[in-house]
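A.B. asks:
In my numbering, the protein residues as written are 495 to 919.
#1: Return the residue from the list 817, 833, 821 that minimises the CA-CA distance to residue 808.
#2: Could you round the C-beta distance between residue 647 and residue 732 to whole angstroms and report it? I think they count as a contact, below 8 Å.
#3: Since residue 749 sits in a beta bridge, which residues does DSSP pair it with?
#4: By DSSP, does residue 891 sit in helix, in strand, or in coil?
#5: Consult DSSP for residue 641 and reduce its assignment to one of helix, strand or coil.
#6: Does the distance from the C-beta atom of residue 920 to that of residue 664 stay below 7 Å?
#7: Where do the ends of the beta strand (DSSP E) carrying residue 726 lie?
#8: Can you check whether the CB of residue 759 is closer than 7 Å to the CB of residue 796?
#9: Identify whether residue 617 lies in helix, strand or coil by the three-state DSSP scheme.
#10: Which residues mark the beginning and the end of the alpha helix (DSSP H) in which residue 585 is found?
#11: Taking only the alpha-carbon atoms, compute the straight-line gap between residue 905 and residue 614 and give it to the nearest angstrom.
#12: Can you tell me whether residue 525 is buried or exposed, with buried defined as 16 or more other CB within 10 angstroms of its CB?
#13: Indicate the three-state DSSP secondary structure (helix, strand or coil) for residue 719 in the structure shown.
#14: Thinking just about the alpha-carbon of each residue, which of 577, 544, 714 is nearest to the one in residue 639?
#15: Just the Cα atoms here: how many angstroms apart are residue 497 and residue 750?
#16: Quick check: the segment 694-713 against the segment 738-749, are there 3 or more CB pairs under 8 Å?
#17: Taking the alpha carbon of residue 596 as the point to measure from, which residue in 687, 845, 501 has its own alpha carbon closest?
#18: Would you call the segment 842-850 and the segment 778-787 in contact, with 3 or more CB pairs under 8 Å?
#19: Would you list the one or two residues that DSSP bridges to residue 792?
#20: Could you name the residues that DSSP lists as bridge partners for residue 556?
#21: Helix, strand or coil, according to DSSP, for residue 710 in the structure here?
#22: Looking at C-alpha atoms only, which residue of 779, 505, 617, 771 is the closest neighbour of residue 830?
#23: Run through DSSP, which three-state label would residue 670 get?
#24: For residue 767, which of 741, 715, 843 has the nearest alpha-carbon?
#25: Would you report the Cα separation of residue 985 and residue 687, rounded to the nearest angstrom?
#26: Considering residue 605, what are the terminal residues of the beta strand (DSSP E) in which it resides?
Listed below in structure tokens is the structure:
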């Protein structure tokens, strides 16, 4: 079997680095956090510069957790700016590699299969990684770290565990060096796909290292983790057979659309219902935009953190697959009324459309009249066209002007954070 070579490139403290570059500061030396100054000190810092990290400030900390004796710059988030930088860096990748060999993992991280490029550029994987990282630094001012591996898993582990401790910010692993260098590494949560929950379940069986996973009874692992045990067993030996080409070909058997938000304050029962309706209206537009329909809806309602109360969850089925707000909004409103305790203040809401299918893929009853749905869909398409041209707030409903409504503000955000268009500094 042909040896393959992968690199995983991560942009160091990406949001903070972008803000430093925009201010003419060295991202490696400047003390800067990205956090919305309009929110309370309990808000999470979206990024912390490497200089602050070296002083013990943890990434994704809350503002109040930063020691008072440290002076730093607080930069309001500008999500559109970060997207623009990320797109520019993706353009740099494309100047070296075909898009078929690139898998964008997140806004600041990408996997690249460099196997077929080593002869072309007459470089080793490490030399090629340095070349790409140097081009990113030269053109954007953003420093990158890189993991190199003989499979996708190993390059990710080399990035997450080894790269931060090397002078050139590059880590490199093979299956053999993985066993030699990381089999006894702790904690297990440093490894990709092993979170606190998985680690705790392993520790119940006295397993605290990758070596112990590899040497554990496989039947016990399958009883504990089901099919996921297969990944644990393979990854414990540094094995991974998935290629980027496999990821590109993958298509999910079941699709869903979801929309969620954490509210900025505790909401009363009626206010929470308003938010559900706003979110349902937006998800209907998303369904229309993608030419999809749904026949099942799920709702999650989380209560105030001041209460030690379990969240509310429930699902409901529709009479037929649809994307019409005339059917979806009342159904979700009724579901909210049924599952939510009216005495508890609401703080988090999530809506999910289940069994999402393309409109042409569904089988309707011969006795169902599509006329009303078709009229509603044409209206939704007209609204979407206007919003594309004039902005998301070009057309709003009366409910969006309620004091408790959030749609107008969220329309000015990307990923729940300010786009930056209204807070350039």
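Even glycine gets a Cβ: it sits at the ideal position worked out from N, Cα and C.
C.D. replies: Let's see:
#1: 833
#2: 7 Å
#3: 850
#4: coil
#5: strand
#6: Past the edges of the chain, shown from 495 to 919, lies residue 920, and the structure says nothing about it.
#7: Taken as a continuous stretch (DSSP letters only), residue 726 belongs to no beta strand (DSSP E), being part of the alpha helix (DSSP H) at 723-730.
#8: no
#9: coil
#10: 573-590
#11: 46 Å
#12: buried
#13: helix
#14: 544
#15: 37 Å
#16: no
#17: 501
#18: yes
#19: 809, 846
#20: 538
#21: coil
#22: 771
#23: helix
#24: 843
#25: Missing from the structure shown is residue 985; the chain here goes from 495 to 919 and no further.
#26: 603-607
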